[in-house]
Each structure stands twice: as structure tokens, then as C-alpha cells.
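Working notes, beginning with the structure itself.
In the UniProt record's numbering, the protein residues as written are 1 to 214.
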């Protein structure tokens, strides 16, 4: 089962939820994270669970969350993990095959950086998605990617470097190049063909698809 997790990021960055169902081919299990649970409840989307300390919602909003969630998992405000980390853990422990994470960008940088690190250690595929970006992790091996509606594609080392990166089917192709952390060589590439091939021999890559905010 695919899980969609809704965090409490800015509403203008959250893509239309009907697009999520089409692009990621549900059915889904929905998880609301703190104020993100209210965002789902406000759209009358039923949740498998609402997770958080709920310190960012009013009493009336929390009541609305309760009416739309099969399970409320309430954590104390003072704890050793963020609501997002606890929600990812809940999804993995409840059989998630894939996680699509919404509402996790556009706010605090510490939370955004943690989200990327969670993606790197998550044992199942995790996508970070907003209206203008989609981020996922590519591990060593050969990946055949289908062209998406995002104009730009970038490949950044998740660690120290990507070893022997090959890109085919993009506007700018490379073959067996080492990409060091901090290099901008593979930023703002573009799709050229309907299908593209990415191959890397070592190191994980952050695959970032983007469109301009205009």
C-alpha cells in the first residue's frame, strides 16, 4: 500500500490532491501530520491516522481531525523525534510500500534538511513533492526514468560523491563521470526523450525534478 503523508507546510506549495492520485496511481492510505491532518480533514479526506502533538491546531480544528481520522496518535510536545519522523516510522511499520510526502517544504530549513536525511535512510521509496519540485533518492544501479511534467532535472550527491554517473536521454548527456559534493555540473538538466537512463556505480544521488515558480 502506498502512503501519502501530509505535513503542515504552506498551502500554496501543496499540489492538487487529485493530481497525486493520478500521478502516483493509488489507492493510498492517508496520514495527517499535526496541522497537515487538519488540511486533509478540511477537504473531507479520510485518514488512516493523524499523528502529532497537535500544538498547531485549535480545539475546533482538532475535533474536525478526530472526525476524519480512523486513529489519533497523539505525542507529547516535548519528545526526541519530530512528528514527521514519527509519521514515517508509523507508515513503514504499517506496511507502506512507498511514501509520498506533501507539505514538507517551504518552511523551516532545519525541518527541510531533516526530511531529505529521512529519505536517505528510509528503507522504502520516499518522494518529497510540492507544486514546483519532486525529490527522490537513486541508489547505485541502472534506472529507467519516464519523462514527467517537470521541466528541469538535477542530480546531486547524497553523500561525498556519485561514482561513474551516466545520463542518457537528457539534453546534456554524460558518461561515467564522478560528481563531487558541491558540484553544479548536473544541475538544471532537461528531459530530451520520453524515457531516460541514469546509471551510477557508487554513492546515492538526489534526483530533483523542478519547474519555475511563475
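Using N, Cα and C, we set each Cβ at its ideal position, and we do this for glycine too.
Residue nearest to residue i in terms of C-alpha spacing, selected from the options
i: residue 175; options: 181, 167 and 182; result: 167
i: residue 148; options: 55, 23, 97 and 10; result: 23
i: residue 139; options: 177, 193 and 207; result: 207
i: residue 232; options: 142, 158 and 141; result: Because residue 232 is not part of the residues shown, which for the chain are 1 to 214, the question remains open.
i: residue 182; options: 205, 173, 199 and 192; result: 205
i: residue 45; options: 29, 100, 55 and 52; result: 29
i: residue 71; options: 116, 124, 209 and 33; result: 33
i: residue 75; options: 55, 179, 94 and 93; result: 55
i: residue 187; options: 172, 73, 199 and 213; result: 172
i: residue 213; options: 129, 133, 86 and 110; result: 133
i: residue 117; options: 142, 94, 61 and 88; result: 88
i: residue 1; options: 110, 184, 93 and 143; result: 93
i: residue 91; options: 73, 77 and 80; result: 73
i: residue 85; options: 65, 111 and 60; result: 111
Cβ-Cβ distance between residue i and residue j below 8 angstroms
i: residue 8; j: residue 35; result: yes
i: residue 150; j: residue 165; result: no
i: residue 131; j: residue 15; result: yes
i: residue 196; j: residue 145; result: yes
i: residue 96; j: residue 3; result: yes
i: residue 101; j: residue 5; result: yes
i: residue 48; j: residue 31; result: yes
i: residue 98; j: residue 128; result: no
i: residue 137; j: residue 163; result: no
i: residue 160; j: residue 203; result: yes
i: residue 78; j: residue 143; result: no
Endpoints, beta strand (DSSP E) assigned at residue i
i: residue 198; result: 195-200
i: residue 32; result: 28-33
i: residue 6; result: 2-6
i: residue 206; result: 205-210
i: residue 177; result: 174-180
i: residue 162; result: 161-168
i: residue 157; result: 152-157
i: residue 133; result: 133-138
i: residue 50; result: 49-52
i: residue 129; result: 126-129
i: residue 45; result: Per DSSP, residue 45 belongs to no beta strand (DSSP E) and is neither H nor E.
Neighbourhood of residue i by C-beta, 6 angstroms cutoff - its chain only, sequence neighbours within 5 removed
i: residue 63; result: none
i: residue 215; result: Residue numbering for the chain in the displayed model covers 1 to 214; residue 215 lies beyond these limits and cannot be assessed.
i: residue 52; result: 33, 34 and 83
i: residue 191; result: 147
i: residue 107; result: 9
i: residue 153; result: 189 and 209
i: residue 177; result: 165
i: residue 119; result: 126 and 137
Boundaries (first-last residue) of the alpha helix (DSSP H) holding residue i
i: residue 87; result: 83-93
i: residue 143; result: Taken as a continuous stretch (DSSP letters only), residue 143 belongs to no alpha helix (DSSP H), being part of the beta strand (DSSP E) at 141-146.
i: residue 17; result: 17-24
i: residue 13; result: Residue 13 -> no alpha helix (DSSP H), and no H or E assigned at all.
i: residue 115; result: 109-121
Closer than 8 angstroms to chain C by CB, residue i
i: residue 116; result: Absent here is chain C; the protein component of the structure consists of one chain.
Spatial neighbours of residue i in its chain, beta-carbon cut-off 7 angstroms, leaving aside the 5 residues before and after
i: residue 69; result: 32, 37, 47, 49 and 50
Assigned secondary structure, residue i (DSSP; H/G/I helix, E/B strand, else coil)
i: residue 69; result: strand
i: residue 185; result: coil
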